[in-house]
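Student: Protein chains in written order, with this note's numbering: chain A, 79 to 411; chain B, 9 to 338. Built from N, CA and C at the ideal position, the CB exists for glycine as well. First the structure, which I've put down as structure tokens, then a few questions once you've had a look.
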Amino acid sequence: MTDDTTDLLVVRGLRTTLRTSRGPVTVVDGADLRVPRGSTVGVVGESGSGKSMFARSLMNLLPADADVTADEITFDGRELDPRRPPHRHFWGTEISMVFQDPMTALNPVRTVGAQICDPLRVHRRMNRRDARARAAELLAHVGIPAPDSRLDQYPHELSGGMRQRAMIAVAIACEPQLLIADEPTTGLDVTVQRQILALLRRLKDEHGMAMVLISHDIALLADEVDEVNVMYAGEVVENTGVAQIRDETVRHRYTAALLRAHPDVDAPARTRLESIPGGPPDPLAMPAGCRFAPRCEHARAVCATETPRPARDPRTGAAYACHFPAESAEELV
Amino acid sequence: MRTKEEPPRDPLLRVDDLVVEYATGNGIVHAVSGATFEVNRGETLGIVGESGSGKSTLLRAMLRLTPHSGGSVRHGDTVLTDLDEKRMRPLRPSLQMIMQDPIASLNPRRRVRDIVAEGLHMWPDRVVTSVEKQVAEGLEAVGMDIGTVGDRRPGSFSGGQCQRIAIARALALRPDVLFCDEPVSALDVSVQARVLNLIQDAKEALGLTVLFVSHDLGVVKSVSDRVMVMYLGRICEIAPVEDIYAAPAHPYTNLLLSSAPGSRRPAVPDLTGETPSPLDPPSGCRFRTRCPLAQDRCADEIPPLRALPGGRGVACHFPLDHETEAGATA
Numbered sequence: 079m080t081d082d083t084t085d086l087l088v089v090r091g092l093r094t095t096l097r098t099s100r101g102p103v104t105v106v107d108g109a110d111l112r113v114p115r116g117s118t119v120g121v122v123g124e125s126g127s128g129k130s131m132f133a134r135s136l137m138n139l140l141p142a143d144a145d146v147t148a149d150e151i152t153f154d155g156r157e158l159d160p161r162r163p164p165h166r167h168f169w170g171t172e173i174s175m176v177f178q179d180p181m182t183a184l185n186p187v188r189t190v191g192a193q194i195c196d197p198l199r200v201h202r203r204m205n206r207r208d209a210r211a212r213a214a215e216l217l218a219h220v221g222i223p224a225p226d227s228r229l230d231q232y233p234h235e236l237s238g239g240m241r242q243r244a245m246i247a248v249a250i251a252c253e254p255q256l257l258i259a260d261e262p263t264t265g266l267d268v269t270v271q272r273q274i275l276a277l278l279r280r281l282k283d284e285h286g287m288a289m290v291l292i293s294h295d296i297a298l299l300a301d302e303v304d305e306v307n308v309m310y311a312g313e314v315v316e317n318t319g320v321a322q323i324r325d326e327t328v329r330h331r332y333t334a335a336l337l338r339a340h341p342d343v344d345a346p347a348r349t350r351l352e353s354i355p356g357g358p359p360d361p362l363a364m365p366a367g368c369r370f371a372p373r374c375e376h377a378r379a380v381c382a383t384e385t386p387r388p389a390r391d392p393r394t395g396a397a398y399a400c401h402f403p404a405e406s407a408e409e410l411v
Numbered sequence: 009m010r011t012k013e014e015p016p017r018d019p020l021l022r023v024d025d026l027v028v029e030y031a032t033g034n035g036i037v038h039a040v041s042g043a044t045f046e047v048n049r050g051e052t053l054g055i056v057g058e059s060g061s062g063k064s065t066l067l068r069a070m071l072r073l074t075p076h077s078g079g080s081v082r083h084g085d086t087v088l089t090d091l092d093e094k095r096m097r098p099l100r101p102s103l104q105m106i107m108q109d110p111i112a113s114l115n116p117r118r119r120v121r122d123i124v125a126e127g128l129h130m131w132p133d134r135v136v137t138s139v140e141k142q143v144a145e146g147l148e149a150v151g152m153d154i155g156t157v158g159d160r161r162p163g164s165f166s167g168g169q170c171q172r173i174a175i176a177r178a179l180a181l182r183p184d185v186l187f188c189d190e191p192v193s194a195l196d197v198s199v200q201a202r203v204l205n206l207i208q209d210a211k212e213a214l215g216l217t218v219l220f221v222s223h224d225l226g227v228v229k230s231v232s233d234r235v236m237v238m239y240l241g242r243i244c245e246i247a248p249v250e251d252i253y254a255a256p257a258h259p260y261t262n263l264l265l266s267s268a269p270g271s272r273r274p275a276v277p278d279l280t281g282e283t284p285s286p287l288d289p290p291s292g293c294r295f296r297t298r299c300p301l302a303q304d305r306c307a308d309e310i311p312p313l314r315a316l317p318g319g320r321g322v323a324c325h326f327p328l329d330h331e332t333e334a335g336a337t338a
């Protein structure tokens, strides 16, 4: 059972439904997430898995007609109504978010300085001068050289890596307890990605912040996080420790297939990758039973009719929902 | 220390001192500067680099899709860079390209069978059997059945399926060389493996030569026979895939490999952390501003791409110790 004193965030059974022209679509369907204090928790999934919608549901960043329900959301020991924050400064000061593309997440017609001052002025009630001084400190803190001159620049005047640093400065301006980073390095070069990940790691350690790191890249998560939540078709199908990801002793068949499809930079050269047949299901026509069953080479009749019940690996503590889970490392090779 | 065997050479494409420069309002962009290398018949040459490295421009200039400012590209005995567009056209079917965005590279209004047949209608001399047969074979090579997909349009396919259609379109022309520009970077991991395997299978079945541009070091390692690393318009290093991943000789290759997610290589210092502008690249070695090993000579002299044993080439005044490790793992 979860211990409320060690978990910063506990989410159980979160369900998000969007209204679309084709009818209501449940993009997150009964997802659980547990973030211990000071930890980094990963969420991995492919496009359409619901990982970004999950994050946006927690940040209340969905369209007004979206419907978010949950069996439980507890943040810092307080019960949360997914639609109503405990106080008006909740988002931005207690939880804040870093987005994938700083070019679209930052306002292109306002200076970087003005955008870092916003949360300080609104949430911290700082005056203009103090906010500007603090913004310069924050820019220096996220590793931007000559911060004073950068304050008056616009986002397009910064390189991609610098823009992402500026957005991180906005997100940490009010020293949140939890930072949700949604694909924070996608679209950046690999040497810049390394710097941004090192920055997030440093900020997390210095501020004692917890972090939810969302990525499509399971190798990146294996480097950065303590545990991984694997999403597929709106569901969290496996929650496992990073050790199980690294040595490929995962239980859910989708996680195992994802690891085998991933081109590993340390694998022998010219290794043929194993692809997963087919594609993710249409969210308007989700398969009955296990949603991965139509693509799963281990699926049997029961997989197409019965939803697998959550199970726990007695040895590793990993949680997974699979009728015929992978049994051993040997089987995965 | 034993001497490494030289890999066999059978160059199909030779690029000699190729230069691509663009004039812009802010000055001249040095996109590709003095690229010299060969592509052997039947090999896959992976080309890696970060944004601004010139890897895509190099590919496009080799195909004469972008004007070059100097140097030459040979395909067999033909000097492609001497040809005007009219004389280049008959060669195009044998030099096919797969682009990054699979959806944008297909005409949304046309049926799949017409998309795949388009090249054969433009170059009737590439029709060996019949148009229908070659279209069906092209689709079959990418695991698609013409009866099922032939009359559908790109909009009803996923990104991975569209990329397979684009590959079928290229294969229907029975090309010699496939120029792949980030062919899987828009695809999910579970789907990209399938496209990579298709390219590999087609290469083996049809004896293709493949140039494979990607920023993803894991992808390049899984498909390439040799790997070429580019930085800011220049070639840093070129070597057989096992050797370059086991023991990079160029400090930039080392930085790149140690930065890759999942890499077990120790972290390498990166002095400025920013790629300089291609409008005003550093003098001498272009990597010197970030290089922890740079000395005065690196600013004064452009390091030439020197041949090393084992078919490796490196453009560095002070290359890393690559022999011991490569020898140990070989």
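Just how far apart, CA to CA, sit A:A54 and A:C400?
Tutor: Coverage of chain A is limited to positions 79 through 411, which leaves residue 54 of chain A absent and any answer about it impossible.
Student: Quick one: Cα of A:I151 to Cα of A:V88, how far?
Tutor: Straight-line Cα distance between these residues: approximately 6 Å.
Student: Determine the direct distance from the alpha carbon of B:L186 to that of A:R97, and round the result to whole angstroms.
Tutor: When rounded, the distance between both Cα atoms is 44 Å.
Student: Would you kindly report the start and end of the unbroken alpha helix (DSSP H) that includes B:E226?
Tutor: The sequence given here has Gly at residue 226 of chain B, not Glu. B:G226 -> alpha helix (DSSP H) spans L225 to V231.
Student: Which residues share a DSSP beta bridge with A:S174?
Tutor: Answer is A:L257, bridged to A:S174.
Student: Using the beta-carbon count (16 or more within 10 Å), is B:G33 buried or exposed?
Tutor: Exposed, because fewer than 16 other Cβ atoms sit within 10 Å of the Cβ of B:G33.
Student: Considering just the uninterrupted stretch of the alpha helix (DSSP H) at B:H38, what are its terminal residues?
Tutor: Not the alpha helix (DSSP H): B:H38 falls in the beta strand (DSSP E), residues G35 to N48.
Student: State the DSSP-derived secondary structure class of A:R389, mapped to helix, strand or coil.
Tutor: Here residue 389 of chain A is Ala; the residue named in the question, Arg, does not match the sequence. Looking at A:A389 - three-state DSSP - the assignment turns out to be strand.
Student: So is A:T84 buried or exposed if we call it buried at 16+ other beta carbons inside 10 Å?
Tutor: Flag for A:T84 reads exposed.
Student: Consider the Cβ of B:H6: report whether some Cβ of chain A lies at a distance smaller than 8 Å.
Tutor: Any question about residue 6 of chain B goes unanswered here, given that chain B covers just 9 to 338.
Student: Name the residues in the stretch 39 to 70 of chain B whose C-beta lies less than 8 Å from a C-beta of chain A; which are they?
Tutor: For the stretch 39 to 70 of chain B, which is checked against every Cβ of chain A, the residues closer than 8 Å are E58 and S59.
Student: Alpha carbon to alpha carbon, how far is A:T327 from A:A311? Give it in angstroms, no decimals.
Tutor: Looking at the two C-alpha atoms, the distance is approximately 22 Å.
Student: With H, G and I counted as helix, E and B as strand and the rest as coil, what does DSSP make of A:Y232?
Tutor: Residue state, collapsed to three classes: coil.
Student: Is the beta carbon of B:P116 sitting closer than 8 Å to the one on B:G163?
Tutor: Taking 8 Å as the Cβ cut-off, B:P116 and B:G163 qualify as a contacting pair.
Student: Mind pulling the chain A residues with CB within less than 7 Å of B:L263?
Tutor: What B:L263 touches in chain A: T269.
Student: Where does A:C400 fall in DSSP's three states?
Tutor: A:C400: coil per DSSP, three-state reduction.
Student: Can you pull the chain A neighbours of B:N205, defined as C-beta to C-beta under 7 Å?
Tutor: The answer, in chain order, is R350, L351 and S353.
Student: DSSP puts B:Q104 in a beta bridge; with which residues?
Tutor: For B:Q104, which the question treats as bridged, DSSP gives the partners B:L186.
Student: Any idea if A:V380 is buried or exposed, counting beta-carbon neighbours within 10 angstroms, 16 or more meaning buried?
Tutor: So A:V380 counts as exposed.
Student: Once DSSP output is grouped into helix, strand and coil, what is the label at A:A407?
Tutor: With a pLDDT of 45 at A:A407, under the threshold of 50, the modelled position of this residue cannot be trusted; read the value that follows with caution. Note: A:A407 maps to helix in three-state DSSP.
Student: Pair every Cβ in the stretch 178 to 192 of chain B with every Cβ in the stretch 214 to 223 of chain B, then say whether three or more of these pairs are closer than 8 Å.
Tutor: Touching, per the Cβ criterion.
Student: Can you name, in chain order, every residue of its own chain whose Cβ lies under 7 Å from the Cβ of A:A404, other than the five neighbours on each side?
Tutor: Excluding positions up to five away in sequence, the list reads V328, R329, R331, A334 and L410.
Student: For A:T94, which residues from the same chain have a beta carbon less than 6 Å from its beta carbon, with the 5 sequence-adjacent residues on both sides left out?
Tutor: These residues qualify, in order along the chain: V105, V106, M131, S135 and V146.
Student: Identify the contact partners of B:S267 in chain A, using a Cβ-Cβ distance below 8 Å as the criterion.
Tutor: Near B:S267 (Cβ distances below 8 Å), the residues of chain A are V268, T269, Q271 and R272.
Student: Quick check on the burial criterion: 16 or more other C-beta atoms within 10 angstroms. Buried or exposed for A:P262?
Tutor: Classification of A:P262: buried, given that the 10 Å Cβ count is 16 or more.
Student: Give the residues of chain B in contact with A:L111, contact being defined as C-beta atoms less than 8 Å apart.
Tutor: Simply none; closest approach about 22 Å.
Student: Thinking C-beta only, is B:H330 closer than 8 Å to B:P256?
Tutor: Yes.
Student: Applying the criterion that 16 or more other CB atoms from any shown protein chain within 10 Å of the CB defines a buried residue, is B:R177 buried or exposed?
Tutor: It counts as buried.
Student: So for B:F326, helix, strand or coil by DSSP?
Tutor: The answer is coil: DSSP assigns B:F326 none of H, G, I, E or B.
Student: Counting only beta-carbon separations shorter than 8 Å, does B:V237 have a partner in chain A?
Tutor: False, the Cβ-Cβ gap to chain A never drops below 8 Å.
Student: Verify the CB distance criterion: does B:R172 have a CB-CB separation below 8 Å to chain A?
Tutor: No, because no Cβ of chain A sits closer than 8 Å to the Cβ of B:R172.
Student: In angstroms with no decimal places, state the Cα-to-Cα distance between A:R279 and A:E302.
Tutor: Looking at the two C-alpha atoms, the distance is approximately 8 Å.
Student: Would you say B:K229 reaches chain A, if we count a Cβ-Cβ gap shorter than 8 Å as a contact?
Tutor: Closer than 8 Å: yes.
Student: How would you write the range of the alpha helix (DSSP H) that A:N205 sits in, first residue to last?
Tutor: It is not in any alpha helix (DSSP H) - A:N205 carries neither H nor E in the DSSP assignment.
Student: Per the contact definition of three or more C-beta pairs closer than 8 Å, is the stretch 285 to 294 of chain A in contact with the stretch 251 to 262 of chain A?
Tutor: Contact holds: three or more Cβ-Cβ distances are below 8 Å.
Student: Are the Cβ atoms of A:L86 and A:R115 separated by less than 8 Å?
Tutor: It is a contact, given that the beta carbons lie within the stated cut-off.
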